[in-house]
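See structure below.
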Amino acid sequence: MPSHAEKNQTEIENYYHIIDPEGRLSKYEKAEEERKVLANMPACFPEALRYVMTRFGFTQEALAFESKVSESTIGRYRNGKVESFSEKNVVALCVAMHLPPWLSFALIAKAGFSLAATREQLAHLMILNCMYMRSIDEVNEYLRERGNASLSRETAQDCRAS
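With this note's numbering applied, the sequence shown corresponds to residues 31 to 192, in that order.
Quick look at the structure:
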């Protein structure tokens with residue numbers, strides 16, 4: 031009988047896709063790479079967001095398109111030009127970059143959030159744990175079906191219309 035890990039190989043590969051996209055690293059090397067990413071992540075959110083975007087090759091323009099968060103908002107976040115960060119926007123950025131939970135939660139903590147207090151935060155927690163490889167449109171649909179507000183105001187269809 032196959033083990034749980036053998037049955038869920040895709041999920042395990044997705045967990046480390048950001049540091050091992052070609053699946054060449056050993057388990058030890060993946061753990062070490064994860065440790066390095068987290069150890070090198072700056073303490074404040076603007077610098078941490080820049081670090082993650084640069085380290086994993088995301089441009090502001092591409093991230094805006096994928097997350098449905100405006101390019102100007104992402105720019106303000108990256109440059110620390112805001113006093114606080116929108117929880118929904120930060121979650122949307124994590125989903126759009128397909129960050130695995132270990133990296134999403136580190137970035138979210140640097141933005142000053144702790145998820146699990148409200149119904150909406152519990153939905154965000156589930157998304158970051160289980161739906162991080164999905165598109166923003168799929169995540170927004172999931173949220174709407176459960177009576178929660180979308181992460182972003184636009185849908186892909188709205189973007190094409192403008």
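Each residue gets a CB set at the ideal place from its N, CA and C atoms; glycine is no exception.
As the structure is a computational prediction, the values presented were derived from the model and not from experiment.
Within the same chain, Cβ atoms closer than 7 Å to the Cβ of PHE86 are found at ILE48 and MET127, the five residues on either side in sequence being excluded. Per the Cβ contact rule, the segment 66 to 82 is not in contact with the segment 156 to 165 (fewer than 3 Cβ pairs under 8 Å). If the five residues before and after ALA141 are omitted, its C-beta is found closer than 6 Å to the C-beta atoms of PHE75, PHE115 and VAL120, all from its own chain and listed in chain order. Taking CYS124 as reference, the option from VAL67, LEU93, SER56 and GLU113 with the minimal CA-CA separation is LEU93. For TYR45, the closest C-alpha among the options ALA136, TYR107, SER144 and PRO130 is that of PRO130. In the three-state DSSP reduction, ASN178 falls in the coil class, being neither helix nor strand. For ARG106, the enclosing alpha helix (DSSP H) stretches over residues 101 to 109. Excluding residues up to 5 positions away in sequence, VAL125, ILE157, MET161 and LEU181 lie with their Cβ nearer than 7 Å to the Cβ of VAL169 in the same chain.
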